[in-house]
Amino acid sequence: MDKNTLVGFLLIGAVLIGFSIWNRPSQEEMERARRYQDSIQAVAQQEAAKKAAEEAAFQQQALVLDSASLFFGANQGTEEFTTLENNLVKITFSNKGGRVVSAMLKEYNDQQGQPLVLFNEEESALNFAFEGKNENILTENLFFQPVDVTDTTLTMRLATTGAGYIDFAYRLLPESYMLDFTIRANGMQNFFPAALKTLNIEWFQRARQLEKGFDFEQRYTSLTYKPVDDGSDYLSEMSKDKEALEEPLEWIAFKNQFFSTVFIAQDNFENAVLESTPQEKGSGFMKNYTAEMTTSFDPTGQEATRLQYYLGPNHFKTLLASNDLCVNKNEDPELEDLVYLGWPLLRWINRWFTINLFDWLSGWGLNMGIVLLLMTLIVKALVYPATYKSFMSSAKMRALKPYIQKINEKYPKQEDALKKQQETMALYSQYGVSPMGGCLPMLIQMPVFMALFFFVPNAIELRQQSFLWASDLSTYDSIINFGFNIPFLGSHLSLFCLLFSITNIANTWYSMKQQDTMGQQQMPAMKIMMYAMPVMFIFIFNSYSSGLNYYYFISGLISILIMIVLRKTTNEPKLLAILEANKAKEGVTVTASGRHFGYETAQIVTESYQKTLKFVLTEGGWRLDSPTY
Numbered sequence: 268m269d270k271n272t273l274v275g276f277l278l279i280g281a282v283l284i285g286f287s288i289w290n291r292p293s294q295e296e297m298e299r300a301r302r303y304q305d306s307i308q309a310v311a312q313q314e315a316a317k318k319a320a321e322e323a324a325f326q327q328q329a330l331v332l333d334s335a336s337l338f339f340g341a342n343q344g345t346e347e348f349t350t351l352e353n354n355l356v357k358i359t360f361s362n363k364g365g366r367v368v369s370a371m372l373k374e375y376n377d378q379q380g381q382p383l384v385l386f387n388e389e390e391s392a393l394n395f396a397f398e399g400k401n402e403n404i405l406t407e408n409l410f411f412q413p414v415d416v417t418d419t420t421l422t423m424r425l426a427t428t429g430a431g432y433i434d435f436a437y438r439l440l441p442e443s444y445m446l447d448f449t450i451r452a453n454g455m456q457n458f459f460p461a462a463l464k465t466l467n468i469e470w471f472q473r474a475r476q477l478e479k480g481f482d483f484e485q486r487y488t489s490l491t492y493k494p495v496d497d498g499s500d501y502l503s504e505m506s507k508d509k510e511a512l513e514e515p516l517e518w519i520a521f522k523n524q525f526f527s528t529v530f531i532a533q534d535n536f537e538n539a540v541l542e543s544t545p546q547e548k549g550s551g552f553m554k555n556y557t558a559e560m561t562t563s564f565d566p567t568g569q570e571a572t573r574l575q576y577y578l579g580p581n582h583f584k585t586l587l588a589s590n591d592l593c594v595n596k597n598e599d600p601e602l603e604d605l606v607y608l609g610w611p612l613l614r615w616i617n618r619w620f621t622i623n624l625f626d627w628l629s630g631w632g633l634n635m636g637i638v639l640l641l642m643t644l645i646v647k648a649l650v651y652p653a654t655y656k657s658f659m660s661s662a663k664m665r666a667l668k669p670y671i672q673k674i675n676e677k678y679p680k681q682e683d684a685l686k687k688q689q690e691t692m693a694l695y696s697q698y699g700v701s702p703m704g705g706c707l708p709m710l711i712q713m714p715v716f717m718a719l720f721f722f723v724p725n726a727i728e729l730r731q732q733s734f735l736w737a738s739d740l741s742t743y744d745s746i747i748n749f750g751f752n753i754p755f756l757g758s759h760l761s762l763f764c765l766l767f768s769i770t771n772i773a774n775t776w777y778s779m780k781q782q783d784t785m786g787q788q789q790m791p792a793m794k795i796m797m798y799a800m801p802v803m804f805i806f807i808f809n810s811y812s813s814g815l816n817y818y819y820f821i822s823g824l825i826s827i828l829i830m831i832v833l834r835k836t837t838n839e840p841k842l843l844a845i846l847e848a849n850k851a852k853e854g855v856t857v858t859a860s861g862r863h864f865g866y867e868t869a870q871i872v873t874e875s876y877q878k879t880l881k882f883v884l885t886e887g888g889w890r891l892d893s894p895t896y
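Using my numbering, the first residue of the sequence shown is number 268, and each one after it goes up by one.
1) For Val368, which option in Phe348, Gly380 and Leu490 has the closest C-alpha, if you only look at C-alpha atoms?
2) Can you tell me which of the three DSSP states Glu690 falls into?
3) Using a Cβ-Cβ cutoff of less than 6 angstroms, which residues in the same chain neighbour Phe386 once the five nearest sequence positions on both sides are dropped?
4) Do Asn581 and Phe525 come within 8 angstroms of each other at the CB atom, strictly closer than that value?
5) State the CB to CB distance for the pair Met455 and Asn362, rounded to an integer number of angstroms; the pair is presumed to be in contact (CB under 8 angstroms).
6) Just verifying my parser: in three-state terms, what is the DSSP assignment at Leu421?
7) Using only alpha-carbon positions, find the residue among Asp604, Lys663 and Asn457 that is nearest to Gln697.
8) Could you check the C-alpha separation between Gln689 and Val495 for me, to the nearest Å?
9) Relative to the alpha-carbon of Gln343, which residue among Glu388, Gln412 and Gly399 has its alpha-carbon at the smallest distance?
10) Suppose contacts are defined by Cβ-Cβ distances below 8 angstroms. Is Ile772 in contact with Pro754 by that definition?
11) Could you spell out where the beta strand (DSSP E) holding Asp447 opens and where it closes?
12) Measuring CB to CB, does Pro600 end up less than 8 angstroms from Glu537?
13) Please name the residue or residues paired with Gln472 in a DSSP beta bridge.
14) Whose C-beta lies closer than 7 angstroms to the C-beta of Gly399 among residues of the same chain, with five residues either side of it excluded?
15) For Phe386, does the three-state DSSP call read helix, strand or coil?
16) Which residues bound the alpha helix (DSSP H) around Tyr819?
17) Is it the case that the Cβ atoms of Thr691 and Ile671 are separated by a distance below 8 angstroms?
18) Going by DSSP, what residue range makes up the alpha helix (DSSP H) through Val638?
19) Hey, how far is the Cα of Leu824 from the Cα of Leu766?
20) Buried or exposed: which applies to Ala370, given that a residue is buried once 16 or more other Cβ atoms fall within 10 Å of its Cβ?
21) Rounded C-beta distance between Ser745 and His759? I'm assuming under 8 angstroms.
22) Report the CB separation of Thr428 from Leu337 in whole angstroms; it is logged as a contact under 8 angstroms.
23) Taking the continuous beta strand (DSSP E) assigned at Ile616, which residues delimit it?
24) Have a look at the DSSP bridge pairing and note the partners of Ala511.
25) Looking at C-alpha atoms only, which residue of Glu603, Leu815, Ala461 and Gly480 is the closest neighbour of Asn401?
26) Is Glu537 near the ligand SAM, with its Cβ less than 7 angstroms from a heavy atom?
27) Determine the burial state of Trp736: buried for a count of at least 16 other Cβ atoms within 10 Å of its Cβ, exposed for fewer.
28) Could you compute how far the alpha carbon of Thr567 sits from the alpha carbon of Asn453?
29) What does the Cβ neighbour count give for Asn623, buried or exposed, with the cut at 16 atoms within 10 Å?
30) How would you write the range of the alpha helix (DSSP H) that Leu628 sits in, first residue to last?
31) Closest to Phe658 by CA distance: which of Val700, Ser810, Phe410 and Pro515 is it?
32) For the candidate residues Leu477, Leu608, Phe397 and Leu756, whose alpha-carbon lies nearest to that of Pro382?
33) Using a threshold of 8 angstroms, state whether the C-beta atoms of Val715 and Ile616 are closer than that.
34) Considering only the beta carbon of each residue, do Asn816 and Phe763 sit closer than 8 angstroms?
35) Assuming Ala474 and Phe552 are in contact, meaning their beta carbons sit under 8 angstroms apart, how far apart are those beta carbons, in whole angstroms?
36) At the level of alpha carbons, what is the spacing between Lys680 and Ile674?
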């Protein structure tokens, strides 16, 4: 930098500094701005306080029923709790609102090692709104009377000042996560209008963070629903979402990654408005769920409103068995859709192959890490024919490298690229080699590879199962905890993810090396992209389940070993001789040189002709000598 340039930069800097000082507001101006902001904030606080006071007054007014109300006596009481339980689940009910307020799963633990609670009283709400002739009844603030209580049955009765009442009857099914729930009116004909056919439901629940990895669990935590005569659907997992649905719904599920609270209606839910709101990391919650809907109601009491809860794990076969216990079992409720197994083809593979194989192997009582290893080996064995075919297609192309080099030398100019490609394809055709021959076998393997991508993160069997340094195969493992967050990476480094990426880099290097030996030089930009992808996997999969990264690591390692073994055991000069023999059968003269292989002669036995074909290396290349019988 010369003197004049330096002086110029100094002058520009001086001008900028002077301009900023000149434009800096005075103390008076800053004080005025501060008072203005304070006044705005004060007004906002006053408005918020006024609104809160109005809402509180409205709520207080709603709590107090008029003394003339038929349900005036149910307006006051003391909250009491009743529990139903079987060998799988313990459910707690409150007489205030007559609802389920807590569900504890006995066979599962939370991250603190305590029995897993799906939700408690503060994290859930359920309100039934009944439309009467002269008044509307909201059950959430009314006190019910527990009657007919046993270990597995409970009736919550909302009594009137007269002889009528509304019963909420619960029955916990044995050895199941299903809770039957019926609503029936008795002696209420004069209270309800004759034309009344429905009741309104308002349902709310905060989905707890139940797993170690917030980001990973969030991907699988969603408000899911099942329309009648259609497949299940769900609201956005990553952003706030709200939908008003016109079609009737068989069930609505407040779903976590591995557990769900499902609300089922015999006569379906109508006019549903569903909303899901993601919560902040560190809050202890994943989502706030809200559902407003209607379902059938008979005010005469002749027919009960039949509902049902599923309060349990997202275990595929458990959900499949629960279908037979559903109140709408005449239709297939498809509760197993709560376990997302991928797109239709992948779901079919997972349902009929992966799950059964996994259950068979895990039934041996093996560690889940060993189960995943055996699964990988079995899958690799099943797709080995396709792998071998793909490799042999590449090997044939490598065997023809001397001829490809001749063509490259014949057409060195860029403008002759089309001619070079045409002659190369003609060469492959002469020798019965298809450049795409290795693609189809690889495409056959892809569905199996992708199916495992969806199965492993949804396998509840891996939850809290340790293997090697991973304490929980359903969430990430960490060998380094940074103590701070790194963009796109997180606050930790997963060793299984790192190993998975390293095997991908090694696999990429070996594959590109094989392509180089085939005379197919990769463009520099393509090489960079090929190596960049495995590196990107570190950032993509660092927060994924260690079981999934472990599977990919083992799968990649086995693929490399298979390629090395096949490469070492394949005699390319002999393979070339076979290609020459096939070409000779068609009466084609061979002209390309084969000296690159360092063989003077090559012999093969063809079973179809029952004769030995002898090839001799001459100046003109490999030549078919007279066959011997």
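Even for Gly, the Cβ is constructed at its ideal location relative to N, Cα and C.
Concretely, from the data shown:
1) Phe348
2) helix
3) Gln472
4) yes
5) Their Cβ separation, rounded to whole angstroms, is 20 angstroms, which puts Met455 and Asn362 out of contact at 8 angstroms.
6) strand
7) Lys663
8) 56 angstroms
9) Gln412
10) no
11) Met445 to Asn453
12) no
13) Ser391 and Tyr556
14) Phe458 and Phe459
15) strand
16) Ser813 to Thr836
17) yes
18) Met635 to Leu649
19) 9 angstroms
20) buried
21) 4 angstroms
22) 6 angstroms
23) From DSSP, Ile616 is part of no beta strand (DSSP E) but of the alpha helix (DSSP H) over Pro611 to Ile616.
24) Val540
25) Ala461
26) Among the ligands in the structure shown, none appear at all, so the ligand SAM cannot be discussed.
27) exposed
28) 7 angstroms
29) exposed
30) Ile622 to Ser629
31) Val700
32) Leu477
33) yes
34) yes
35) 6 angstroms
36) 12 angstroms
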